[in-house]
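Student:
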Amino acid sequence: MGTLRVWRGLPGGWLRGLGLCAPLGGAGFSSETRRPAHARGSRRPTGPAVEQPFPGRLRTETLGREELVDALRAAVVDREGPLLTLNKPQGLPVTGKPGELTLLSVLPQLSQSLGLRERELQVVRAPEKEASGLVLLSSCPQTASHLQKFFSHSRRAQRPTATYCAVTYGIPAPREGKISVALKLECLNGINLAVPVESPSRKDTQKGIKKTISHFHVMATGHGCALVQLQPLTVFPNQLQVHMVLQLCPLLGDHTYAVRMGTVLGQRILLPAESTKPQRQVLDEILLRRLHLTPSQAAQMPLHLHLHCLLLPGTRSRGATRALLAPPPPYFSRTLQCLQLSQQ
């Protein structure tokens with residue numbers, strides 16, 4: 001598994017690269033967080049964590065167009081030539097239906113706000129809606145095409161270019177490995193969901209079934225959870241969420257696929273995807289206390305999946321690949337502190 005060496009070589013060290021030595025406010029974007037509503041009769045934890053259970057979470061569904069442009073402008077982490085990199089907030093879709101507020105829908109305004117004039121920005125690489133992290137934009141079509149070819153060639157050569165950090169509910173065993181499984185999109189209960197396919201045939205690959213591969217490595221553990229690095233070698237919707245559920249360690253804040261993991265006599269088991277439907281993730285009482293959350297707050301927990309590092313091809317002046325880094329949102333860092341995952 002030589003590809004895992006990329007993890008060891010992240011600039012500044014893994015935890016420092018995540019920005020965990022910095023205050024919670026320095027995550028590339030921020031937002032006022034409304035006080036959560038508490039269920040009547042529920043016990044309310046004490047301490048400052050109650051006021052902001054998910055600090056820095058950007059409520060994209062309540063933002064106007066101008067507010068979103070301002071937030072994205074503040075989230076810029078790197079700008080070099082035609083390339084622009086920003087730290088996407090969790091919950092912001094990249095694409096959507098006409099009229100919906102998405103990253104693509106505000107790119108013209110963002111271009112003007114950044115003084116790019118007539119040059120239009122296009123998305124080269126971005127995480128999915130429920131994940132946060134690095135979005136790579138380009139105002140030059142030739143540069144965008146060159147980067148797309150680099151990413152495609154890297155996938156064919158099984159060289160990872162993206163490194164995610166995630167917090168899992170459970171500790172993967174073994175602590176390092178490769179997940180390889182065929183997935184397909186299937187409409188279950190009116191929702192398109194990624195479903196594993198056992199022993200697909202060649203004909204199946206023509207029906208939207210794709211072999212997916214990810215590498216994982218456990219970096220720290222605490223209180224039944226783990227800080228995990230994930231490197232997808234293929235591209236498929238919700239690939240990383242499904243892969244970690246198959247390890248019986250769903251991501252924190254996964255309100256779609258975590259329900260596929262059940263327990264029998266205290267032992268975790270995998271439930272058939274076809275017999276489950278998405279529902280809010282349920283955490284045990286001990287973990288809730290550790291996170292200073294009520295059950296109703298935990299039901300609103302954002303997905304703890306962050307695109308932390310992207311490798312880009314070198315230029316004439318920089319022959320080797322270079323890494324772009326973005327720290328996780330403050331709520332992600334808060335979770336690591338509560339679980340003491342950043343102290344290892």
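Oh and the sequence shown: position 49 is 49 in UniProt numbering, straight run, nothing missing.
From the three backbone atoms N, C-alpha and C, an ideal C-beta is built for every residue, glycine too.
Fair warning: this is a prediction, and the values are worked out from it, not measured in the lab.
Should cysteine 187 be labelled buried (16 or more other beta-carbon atoms within 10 Å of its own) or exposed?
Tutor: So cysteine 187 counts as exposed.
Student: From the DSSP output, read off the bridge partner residues of cysteine 225.
Tutor: BP columns for cysteine 225 point to Tyr169 and Gly222.
Student: In or out: valine 282 buried (at least 16 other Cβ within 10 Å) or exposed?
Tutor: Valine 282 comes out exposed.
Student: Using the Cβ count rule (16 or more neighbours within 10 Å means buried), how would you classify histidine 215?
Tutor: With 16 or more other Cβ atoms within 10 Å, it is buried.
Student: Please report how far the alpha carbon of glutamine 109 lies from the alpha carbon of alanine 144, in whole angstroms.
Tutor: Cα to Cα, the separation comes out at about 20 Å.
Student: Which residues in the same chain as glycine 208 place their Cβ atom closer than 8 Å to its Cβ, once the five residues preceding and following it in sequence are excluded?
Tutor: Closer than 8 Å at Cβ, skipping near neighbours: Lys184 and Leu185.
Student: Taking all protein chains shown into account, do 16 or more other C-beta atoms lie within 10 angstroms of the C-beta of cysteine 338, making it buried, or fewer, making it exposed?
Tutor: Buried, because 16 or more other Cβ atoms sit within 10 Å of the Cβ of cysteine 338.
Student: Considering only residues of the same chain and omitting the five flanking positions on each side of leucine 311, which have a CB-CB separation below 6 Å?
Tutor: Answer for leucine 311: Thr161, Thr321 and Ala323, listed in chain order.
Student: Identify whether alanine 182 lies in helix, strand or coil by the three-state DSSP scheme.
Tutor: Alanine 182 falls in the strand class under three-state DSSP.
Student: When DSSP builds the beta bridges, which residues end up paired with glycine 115?
Tutor: Its beta-bridge partners do not exist; DSSP assigns none.
Student: What does the alpha-carbon distance come out to for the pair histidine 306 and alanine 131?
Tutor: Roughly 6 Å separates the two Cα atoms.
Student: Candidates Pro196, Leu227 and Pro237: which alpha carbon is nearest serine 275's?
Tutor: Closest option to serine 275, Cα to Cα, is Pro196.
Student: Hey, is the stretch 328-338 in contact with the stretch 54-74, meaning 3+ C-beta pairs nearer than 8 Å?
Tutor: Output reads yes: the stretch 54-74 touches the stretch 328-338.
Student: Where in the stretch 113-157 do unbroken runs of the alpha helix (DSSP H), each at least 4 residues long, occur, reported from the N-terminal end onward?
Tutor: Qualifying alpha helix (DSSP H) stretches, in chain order: 141-156.
Student: Cα-Cα, which of Ile171, Asn87, Lys211 and Leu325 is closest to threonine 221?
Tutor: Measuring from the Cα of threonine 221, the nearest candidate turns out to be Ile171.
Student: Measure from the alpha carbon of leucine 104 to the alpha carbon of each residue in Thr62, Val94 and Asn87, then state which is nearest.
Tutor: Closest by alpha carbon: Val94.
Student: Which of the three DSSP states is assigned to tyrosine 164 in this structure?
Tutor: The answer is strand: DSSP assigns tyrosine 164 an E or B state.
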